[in-house]
Structure formats: structure tokens, C-alpha cells
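Please read the structure below before turning to the comments.
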Amino acid sequence: MLFLGGVVGLFGYAYATTTIPSVNPSTQAQSNTYYWSDGSVMTTQGSTNRQNIDLAQVPKLVQWDFLAAENATFYTDPGVDTQGMLRAVYHMASGGEVQSGSTITQQFVKNTYLTQDQSVTRKLREIMISLKIGGQLSKQQILQGYLNSCYYGRDAYGIEAAARTYYHEHASQLTVSQGAFIAATVNEPSLLMHADTDPQAKAQATGRWKYVLDRMAKINKITAAQEQQYLTAGFPTPKAYTPSAGMDGQTGYLVQTAEKYVEAHTSLTDQQLGHGGYQIYTTFNKKKVNALSASVAAMESKHLDPKQRSADKDVQVGAASIDPSTGAVVALYGGAGWNKGHWTNNADATGVPVGSTFKPFDLAAGLDHGAVLSPGQPASPITPDSKFNGDDGITIKNQQGQQMPDPGDPSGLLHQRNDVPTKWGYITLRKAMEQSVNTPYVQLGEYVGYDNVEGEAIKAGLLRKSLQYDTPGFYIGTSTPSAIRMADAYATFDDSGVQHEPYSVTKVVADGHQLPGFEAPKGTTAMPSSTADTVTDVLQGVVKSGTGTNAQALGRPVAGKTGTTDDYKSAWFIGYTPQLTTAISMFKEDPKNSGLQSMKGVGGFSKVFGADMPTEVWTGYMTAALQGQPVQQFPPAPTLGQGANEFGIPTATPSPTASTPSATPSKSGAPGSSTGPCRHHKKNCVSPSPTDSSGATTGGTGGLTGGAGNGGLLGGATGGTNGGTNGGTNGGTTGGTTGGTTSGTTAGTSSNPTGPGRHP
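The working numbering applies: residue 11 is where the sequence shown begins, and numbers increase by one.
Encoded structure:
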């Protein structure tokens, strides 16, 4: 009691000594200025859409929309929520967290007289001023100030600007229903401002709108019959949003990404940023952003004609490009542009399955943790030359040796499918990665274990919330990370196992002072360099002689992976050079329900693979982005010990009996060989332009087998590694030569993928 009495005494003293300050100029809407990575101005936003009006110009019932939603006791309370005030005082006096104010008066005081920080001192001043303001301003003056000072989204400050942007009306012409929506925007302006086009925003806005109308009926400002009349008429969908100048093209997405990063690294809210006055310096490289946008436009101009081909409608592209040595997001492509009515940032959005681009995480986990190939036994070492059954339709076993179930299959067992029924037999994980064969990687994932694979992906940079639950499909890409996160995770392989959190802001200045929290994230070791460099070596094979040969057009060493999902609903290509890592996603979305649609027929392609249009966008962008930069080599793959094979492998494995995917000539300018200087975490090594145009000189990745006898298992691996010339120890020569040279040549000249996600 003594403690509480002391607190009350201090409270009384604070009240007596508090004076109402002058209006704080910094709380008035100002400009936010955004800068490119070179320090030049990208855009200026935030100061043009404000007009104060008298309370008499706001219809009485629209005023009550706000009061019903925020503070129904406004006309009778002392300016603060008494119980909330005592609770806040107790918490703050006890060292607890700062409590948020909720009354109209407190929000008006915070908007008009104070800064936006969340300190105990500022909260106490807010309470005291709110109590005193009632003695100096009328309730009508307070409500007028509140309505004029709120941020409503769409750069609108004040109810007049909100009425103009949402309904093309003056505030005096707003209906009760329209006012209910505008009142709802105060709490979540950035989301609800897109209620005209974004299904998620509209659903949330509709729910909040219904809540306001319900509150209006409960406090007897409208009758139940009137409420039902409004509900029957339906949600008052806002007019289309026309962004303010400077937010068209990719700029809206860049600003949105930067603001999201700022809010995540400070206590600033969306509304506080909306008040303006900040200088925000970004990592975005103007040249690279323009190059990425131009590459998407070139692909669309070449392949898409929605007026003549209905399949080409609603096709979307998302992309992100990251500096692997720092994690800086240097470019992104979020969509057609806010000025075209596309609000979702495709570069930062989740929901698009990544397909076979997930397989490198399976391999990395296998390299780091090994695989339990026999029940009850310790994990065995795994290398890219470990062999697994690549045949179509095989059953999959878990670490306990049990066959995985599938209630939808007549047998009750899962029969994993590849895109084509090629009889691969037992093939190396390297070969399976190159040709995007599913069955070896689903089985590898089960033997390595879900926790290990999930953990490897998270350490590389993916977010747990974007990862699919534990099913066999997890190992071949049912997860839905964003393009930014996929680029960042591949950048971890690119930087020899060092993971950098992706970042988009380098500095924020307000009132001449630099805000803390925007230092470049420090890199952390996510995996051994031997693991990352081995994965990079395998992914170079995808481009040299696998499904990613179209990326050879870059004319530099490239590591990458294609990905396509079931029914061709999404297609990816993620690739990197030593200097730059870029992820491209392509998908088709029904604007009415946000569901992904099949891309069969898009661009005139019967099936859309990651090796096609996504790789074309990637190559066009990377060519421009790396122009003038020296050609660099990747670190050489480390020498690994003998890896274990899946049990059941025969002493000799036949060559595929079904036809492999049809081949088309590779473009000139393939990635260079492994000879020459490489970076080893450094960016200053230079090599001549690469000359290997066929991707076949490496002889594949281990062929199939080296033949029978003692050299059988080793011969295939050795033969493939050495270009198919060494067949093995005893009598594996023919098997090694054929497996290496033939498989390497065929894959090297093929530009066709082997199937959808879960597929290439």
C-alpha cells in the first residue's frame, strides 16, 4: 500500500507540473526520401495529401463510426481509460512494458503534441496531457483534431484526404457505411488501403467494417434494421488507388520492402513512418533494378500475348538479386507495378512452391549429417557420388525401413513419381540433381531425416514458417519461401557456407540524427565450406550438362537449379556467379481467389519449366548486371571420402532403357572449367572468358556404373569424375567410359528439363 501510495503521489506531482506543449511540427506529415545505393534520390513520398477541415463538415454518424470503433465513452470519459491508466502506471512503476493508450484523446495527443517513441517518459506525458487537455479544449475540438491528424493509408492524412482517396468524395458526403470502413483503416492502413484489389485486405477490411456497424447498433446510433440494410448492401469497396507520383514501376515495391525492413529493426510503426520526416538509404542498385525489370519485359514481349492467347493472362513474375558476400538485396522485381493495380510484392511474397530448387538443401543435409541407410545403424557418409534408385514409381522407405504410406494409392504405399518413366536404375546424386530426378532425393531426404533437412534450409536462410510439414514432398519443394529468401539461401552456398541475413536499408536519418539498428548483418557460418562448395560444384553440373543449360548463355561460370511444380503451377530458376545470386519465380494466379493455376499453354509452351522463361529472365538480367565485371571462378570442389550407396544397388546397373529428354544444341559461352583462379571468399580473382560450349567434356557426373567385378561401384564414380576415361579398378573401363562420356555428352547437349517440380 505504501508503494501504491507513493506511485499515486508521484502521479499527482506529474499532473501538477505538466503543461500542454505547442503542436509538435515533427508530427505533421512530411516527406520521406528514399535513396538508391549510390546515394541518389529514388523517390520522395508523404507530404502532399493533407487537408484539415472543421468537425461540422463530417456527418454526425460518420463521427460516431470512429467513436464506436475506438472510444464509445469519448464524450463522458476524462480523456483516458481510467482502468487502463492505473494499469499502465502500475506496470511502468514495476518496471513492466510500456502500455499503449486507446482513447481518442490519447491518440490525438500522441499525434499532435508528442514524438512517436514508446518510452515510459513519453507515455506518462501522454497521460498527463490527455487529462489536462479536457480542461482547455472541448470534446469537439479534440475529435476534430483527431480526425484531421490520423493516417489512413494511401498517403492520406486527415479524414478529408481519406474520403477523397477512397471514395472520390468530400468528407461531408460520406455515408455511414463508407465511414465505417475509413474508421477501420486507422489501425492497419498499409493492409486495408488495398481492399479494392487484394483479397486478403478486402476480407480483413470487411470483417472490421462489420464490427464497426455492429458497435454502432449496440450503442444505439443506428437501429438493427439499419445495420442489416448496410450489410445487405454489401461492403463499400473503395475506388481504385492511384499511387502518388514516383511510386510506379518497381518503386512502390522497393519502398514497401524498405519500410518493412525499417519497421522490423526499429520501434517505428507504419503510421509513424507515414507521418514522414525520414531519409531512408537503401541497398537497391538502380542499374540492376532497371536491368531486372527490362529482362522481365523482354521475356513477356517475346512470349506472352494475353490478348490473343487466354493462357497468357494473369502470369506473374517475382525476382530478387542478392550480393552473396553481404546479403544486400541489390534488385528485385515485385510485379507489373502499383500503377498497374498490382499491389502484392512478388519478390517478398510466400505461397509459390519452389519445386526442385529445394533439392540442394537435401544434398547439403546429407553431406553434413549422413544418411541412415539401414534401420538401427548409425548414419553413413553421403557424397555426390552416392547412388540411389532413380527409377520412376518406386516405394520410399523411412529410417526405420518402413515403406511410406499413401492412402490415395490402391496399394496403400507411396510410389514416388518422376516426370518421365526413364529407367535410370541406381544413379549418383550428382546425376539426379543435373537431370532433376525426384526419387533419389525423396529417398535421400527420408534417410537423412526431416529435422536435419529442415534445419539445413533454415541455417542457409529460409524461414521456418515458409517450410512445409513433414511429408515426402517436402524434399522436392512443396515449401513456399519468397524469392528474396531463396536467393539468400543460395547465396549461402555461393559464399562458401557463410549466411548473411538479407537486408535492404543501410541508414535511416530523422531530424538530423541517424537511427541505430541499420548496420549490415554479420555473416554466420551456416555449414562447412566443404559442404557449400560441394553443392556449388554439383549445381555447376546442372548448368553444364543438365536441365539448366540455357543459363550457359551468360558466358561465365554459373551454378544453378531449375524447379517446376505439379501441374506446372510454378517454375523457378535460381542461379549464381561468384559475385551475384538471383532467384526468378514464375506463376499464374487467379485474381478472384488468389489460387495458383496451371501454366500449361503459357507462351505457347505445352508445359512451362524453370529451364524456359525463368532461366531466360535470369540470363538476360545477369548479363546486364555483370557487364564490365571480371569473370570469376568458383572455389574447387573439395576432395571427399568414399560415400555410401543406398542398399539394394546391384553389382552392375544398366544404362537407361527409356529415352532421355530430347536434346537441343547448347548455346555458346558455357561456364568455364574448374581451372584458373577462384575466389575462396575473395572477389578479386580474374580468369579468361570461358570457352566450354558443350558441357560434355566433364563426361557427366559419374556415369552409371563402371561395370561388374571389383571395379563396379567405384568405377562408375571414378569414370564420371575423370571424364569417363577411368573405368575403375578391375575391368570397369568400358562402363566408366560409356557412363561418363555418353551420359555427359547427352546431358551437355540437352536443354530440355525432365519434369515438373518435384521436377526440374
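All C-beta atoms, glycine included, are put in the ideal place defined by N, C-alpha and C.
- For Ser390, the closest of Asn408, Gly189, Val430 and Gln652 by C-alpha to C-alpha distance is Gln652.
- Taken atom to atom, the span from the alpha-carbon of Thr267 to that of Gly244 is near 33 angstroms.
- Sorting Met309, Gln589 and Pro660 by C-alpha distance to the C-alpha of Leu636 places Gln589 at the top.
- Taking 8 angstroms as the cut-off, the beta carbon of Thr43 is found closer than this to the beta carbon of Gln289.
- Counting only the Cα atoms, Ile584 lies some 25 angstroms from Asp315.
- For Ile594, the closest of Pro624, Leu223, Ser476 and Ile139 by C-alpha to C-alpha distance is Pro624.
- When beta bridges are read from the DSSP output, Asn42 appears opposite Gln55.
- Under the three-pair Cβ rule at 8 angstroms, the segment 399-411 counts as touching the segment 425-432.
- The beta carbon of Tyr451 is closer than 7 angstroms to those of Lys369, Asp372, Ala442, Tyr485 and Ile486 in its chain, skipping five residues each way along the sequence.
- For Thr267, the enclosing alpha helix (DSSP H) has its first and last residue at Thr261 to Ala274.
- With a 10 Å radius around the Cβ and a threshold of 16 neighbouring Cβ atoms, Leu423 comes out exposed.
- With distances taken between CA atoms, Tyr578 lies nearest to Lys617 out of Lys617, Leu147 and Asn603.
- Contact between the segment 543-561 and the segment 336-356 is absent: fewer than three C-beta pairs spanning the two stretches fall below 8 angstroms.
- Of all C-beta pairs linking the segment 489-505 to the segment 351-371, three or more are shorter than 8 angstroms, placing the two stretches in contact.
- Contact between the segment 382-398 and the segment 449-467 is present: 3 or more CB-CB pairs across the two stretches fall below 8 angstroms.
- Taking a C-beta distance under 8 angstroms as the contact criterion, Gly361 and Thr490 qualify as a contact pair.
- With the rule of 3 Cβ pairs closer than 8 angstroms, the segment 149-162 counts as touching the segment 68-86.
- Excluding its 5 nearest sequence neighbours in each direction, Gly380 has C-beta neighbours in its own chain below 7 angstroms: Ala389, Ser390, Pro391 and Ile392, listed in chain order.
- Non-local C-beta neighbours of Leu342 in its own chain, meaning closer than 6 angstroms and more than five positions away in sequence, comprise Ala330 and Ala357, ordered along the chain.
- The alpha carbon of Thr629 has as its nearest neighbour, out of Gly570, Pro646, Pro648 and Lys598, the alpha carbon of Gly570.
- Residues of the same chain with a CB within less than 6 angstroms of the CB of Ala172, apart from the 5 flanking positions on each side, are Tyr162, Ala166 and Ile192 in chain order.
- For Asn62, no alpha helix (DSSP H) run applies, since DSSP gives it neither H nor E.
- The residues Leu71, Trp74, Asp75, Ala78, Val186, Ala190, Ile232 and Glu237, in chain order, have a CB closer than 8 angstroms to that of Met226 in the same chain once the five nearest residues on each side in sequence are set aside.
- Residue Lys517 holds the alpha-carbon nearest to the alpha-carbon of Gly49 among Lys517, Pro646, Leu549 and Gln562.
- Counting C-beta pairs with one atom in each stretch, the segment 515-531 and the segment 289-300 have three or more that are closer than 8 angstroms, which means they touch.
- Among the bridge pairs identified by DSSP, Ala329 is matched with Tyr343 and Ile594.
- Glu444 and Val340 have their C-alpha atoms roughly 29 angstroms apart.
- For the pair Ser47 and Thr242, the CB atoms are not nearer than the 8 angstroms cut-off.
- Distance from Asn81 to Thr113 at the Cβ level is roughly 5 angstroms; contact confirmed, criterion being Cβ atoms closer than 8 angstroms.
- One alpha carbon belongs to Thr367, the other to Met632, and they sit about 19 angstroms apart.
- When DSSP states are grouped into helix, strand and coil, Thr115 belongs to the helix group.
- In this structure Tyr513 is buried. Its beta-carbon is surrounded by 16 or more other beta-carbon atoms within 10 angstroms.
- For Ala493, the enclosing alpha helix (DSSP H) stretches over residues Ala493 to Asp504.
- Contact annotation, Gln326 with Lys598: C-beta distance approximately 7 angstroms; criterion of less than 8 angstroms satisfied.
- Secondary structure note for Tyr291: its beta strand (DSSP E) is the uninterrupted segment Tyr288 to Thr292.
- Thr438: member of the beta strand (DSSP E) spanning Tyr436 to Thr438, first to last residue.
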